[in-house]
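So the sequence shown is numbered by the numbering used here: it starts at 70 and just counts up by one.
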Amino acid sequence: MHELSIAYSLVQNATEAAQQAGARKINKVFLRLGKLSGVVKEALLFGYDIATKGTPLEGSELVIQVLPIVIYCTSPQCQQEFAISGLNGFRCPNCNQPSSQIRQGRELEIEKLEIEVD
Numbered sequence: 070m071h072e073l074s075i076a077y078s079l080v081q082n083a084t085e086a087a088q089q090a091g092a093r094k095i096n097k098v099f100l101r102l103g104k105l106s107g108v109v110k111e112a113l114l115f116g117y118d119i120a121t122k123g124t125p126l127e128g129s130e131l132v133i134q135v136l137p138i139v140i141y142c143t144s145p146q147c148q149q150e151f152a153i154s155g156l157n158g159f160r161c162p163n164c165n166q167p168s169s170q171i172r173q174g175r176e177l178e179i180e181k182l183e184i185e186v187d
């Protein structure tokens, strides 16, 4: 379960950012998680609860925004971005051309923190 080590890294990064902002408490961590990130949302939430014990994030909420896979079609008639529904659909929904240009879906990033300052 690599999600636990990811949760520990999230806690470390959020703690450092909060300290730099002069926070005394962190209430929420907002995370952007792409469908291609290789991270299971439920496992990350479970690991987060373990990783926050005894840290400034203990009792905080991890809010995860799951991002769809977005590809870019390079065919001359399209040249647009499209969200696709699954891993088997790396084809343009307009012209059915395959695409390997992934524009979104690999993210694993802290978007923002909800903190309390002194």
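Ideal Cβ placement from N, Cα and C applies to all residues, glycine included.
* Is the segment 126 to 145 touching the segment 80 to 97, taking contact as three or more C-beta pairs under 8 Å? -> Yes, the segment 126 to 145 is in contact with the segment 80 to 97.
* **Sequence-distant residues of its chain with Cβ nearer than 6 Å to glutamate 178 (five each side left out)** => Working through the sequence shown from its first residue, we reach residue 178 at position 109. Taken in chain order, the residues that qualify are Arg101.
* Residue interval of the alpha helix (DSSP H) (run including glutamate 85) -> The residue you call residue 85 lines up with position 16 of the sequence shown. Start and end: 72 to 89.
* **Own chain partners of cysteine 147 with C-beta closer than 7 Å, once the 5 adjacent residues on each side are dropped** => As a position in the sequence shown, residue 147 is number 78, starting the count at 1. Cβ contact annotation for cysteine 147 (same chain, cutoff 7 Å, sequence separation greater than five): Cys161, Asn163, Cys164, in chain order.
* To do: Please name the residue, chosen from Ser78, Gln173, Glu180, that lies closest to proline 137 on a Cα-to-Cα basis.
  => For the purposes of this step, residue 137 is taken as residue 68 along the sequence shown, with counting starting at 1. Here the closest residue by C-alpha is Gln173.
* Asked: Can you give the Cα-Cα distance for valine 80 and glutamine 89, rounded to whole angstroms?
  -> Taking the sequence shown and counting its residues from 1, one reaches residue 80 at position 11. Taking the sequence shown and counting its residues from 1, one reaches residue 89 at position 20. Rounded to whole angstroms, valine 80 and glutamine 89 show a C-alpha spacing of 14 Å.
* To do: Helix, strand or coil for glutamate 176, going by three-state DSSP, please let me know.
  => One-based indexing of the sequence shown puts residue 176 at position 107. It is coil, neither helix nor strand.
* Asked: glycine 158 to valine 109, Cα distance in whole Å?
  -> Indexing the sequence shown from 1 puts residue 158 at position 89. Indexing the sequence shown from 1 puts residue 109 at position 40. Cα-Cα distance, rounded: 20 Å.
* Asked: Looking at the unbroken beta strand (DSSP E) that takes in leucine 100, where does it start and where does it end?
  -> For this step, residue 100 is matched to residue 31 along the sequence shown. In the DSSP assignment, leucine 100 falls within the unbroken beta strand (DSSP E) covering 92 to 103.
* Asked: In terms of residue numbering, what span does the alpha helix (DSSP H) encompassing leucine 113 cover?
  -> Your numbering for residue 113 matches position 44 in the sequence shown. Counting along the chain, the alpha helix (DSSP H) containing leucine 113 begins and ends at 110 to 120.
* Is the beta carbon of valine 108 within less than 7 Å of some heavy atom of the ligand COA? -> What this structure holds is no ligand at all, so the ligand COA is not there to describe.
* Asked: In the structure shown, what three-state DSSP assignment does glutamate 127 receive?
  -> Counted from its first residue, the sequence shown places residue 127 at position 58. Three-state result, glutamate 127: coil.
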